[in-house]
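Numbering (the UniProt record's numbering), first residue to last: 31 to 334.
The C-beta atom is built at its ideal place from N, Cα and C for all residues, glycine as well.
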Ligand code: A3P
């Protein structure tokens with residue numbers, strides 16, 4: 031199946047999810063080539079759910095002894111989080127090949143937007159840890175609308191909010207349908223709580239310390255009493271905050287080898303921006319779909 035383009039000229043359905051030909055090419059390469067290790071930590075999201083933030087937080091937690099948080103040369107101060115925690119399937123770095131992970135230290139920190147069923151087989155059968163971050167569908171949609179239109183600027187035809195919203199409601203969004211993506215990982219996190227941690231963007235915003243401790247425990251590197259006393263949790267939160275990251279030179283003014291600006295990944299970083307765009311009809315239509323899709327799942331979203 032083929033639909034109007036979200037990032038390229040058309041979107042295609044592959045294994046039940048949507049992407050551009052370039053994305054699908056990367057997915058096929060990673061499904062064929064990627065070999066998971068039991069020690070891998072894999073961060074998973076639908077696009078625009080807060081991937082960049084999650085990458086920064088997990089990188090800072092896992093490497094806190096290797097790279098002191100107060101150091102002037104912390105990698106997060108000089109590199110974009112996506113350069114530190116690469117996607118398995120997206121060639122933001124070099125076109126035409128799966129990133130080379132051979133120089134990575136253990137545990138390897140990696141990321142993907144793939145739905146559970148399309149993860150490379152080696153990931154599914156390994157004991158790697160999967161961290162899933164989800165965001166309410168209204169803010170995810172608005173963030174995606176802005177992002178894809180910026181990417182589409184070289185096609186010189188922005189998608190209107192109405193047409194992208196209709197596509198989103200039909201399930202046509204990058205790596206979507208949104209609900210299938212979220213629900214599959216939600217169910218896995220209930221089945222295998224030691225393997226899959228399910229987090230929500232709004233909960234990290236609301237109670238960052240609790241969520242960070244939960245992340246560190248899941249990764250089997252909990253904060254010691256001494257670390258808690260000395261304020262390590264807050265140092266990580268400050269280092270990875272939207273204010274800090276979005277104002278760094280590397281994130282403000284640098285680009286990927288493929289030409290996209292690093293600043294594309296930082297827009298507002300808030301909960302509730304949907305209120306500036308959604309009509310009451312849009313809210314009602316999406317709510318009806320979400321209610322029906324998530325019925326009986328035990329999962330609900332926070333919108334403000
Ligand atoms: P908005 O467009 O709503 O501002 P992703 O990283 O998955 O591409 O998601 C991008 C969204 O996360 C954008 O949302 C972006 O502003 C927000 N974001 C990026 N860094 C963040 C941070 N450190 N804290 C909170 N939100 C952040």
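Query	Result
Candidates 182, 324 and 321: closest to residue 35 by CA position	182
Terminal residues of the alpha helix (DSSP H) in which residue 153 lies	151-155
Cα-Cα separation between residue 74 and residue 156, rounded to whole angstroms	16 Å
Residue 137 and residue 66 closer than 8 Å at C-beta	no
Candidates 264, 81 and 88, of which the one nearest residue 163 by Cα	81
For residue 95, the three-state DSSP class (helix, strand or coil)	coil
Rounded separation between residue 189 and residue 260 - CA only	48 Å
Local Cβ density within 10 Å of residue 281, reported as buried at 16 or more and exposed below that	buried
Exposed unless 16 or more other CB atoms sit within 10 angstroms - verdict on residue 287	exposed
For residue 141 and residue 108, believed in contact at Cβ under 8 Å, the rounded distance	Actually they do not touch by this definition, with Cβ atoms about 19 Å apart.
Distance between beta carbons of residue 53 and residue 120, contact taken as under 8 Å	7 Å
Nearest neighbour of residue 104, chosen from 265, 323 and 283 [CA to CA]	265
Among 169, 175 and 201, the one whose alpha carbon lies nearest that of residue 192	175
Residue 78, enclosing beta strand (DSSP E) - first and last residue	From DSSP, residue 78 is part of no beta strand (DSSP E); its letter is neither H nor E.
Cβ-heavy atom distance, residue 288 to ligand 1, below 7 Å	no
Counterpart residues of residue 49 in DSSP-defined beta bridges	42
Nearest-angstrom Cα separation, counted from residue 143 out to residue 197	19 Å
Any non-hydrogen atom of ligand 1 closer than 7 Å to residue 141 Cβ	no
Endpoints, alpha helix (DSSP H) assigned at residue 296	Residue 296 -> no alpha helix (DSSP H), and no H or E assigned at all.
Distance, residue 69 Cα to residue 57 Cα	22 Å
Inside the segment 183-210 only - alpha helix (DSSP H) runs reaching at least 4 residues	191-199
Cβ contact check for the segment 246-253 and the segment 76-94: 3 or more pairs under 8 Å	yes
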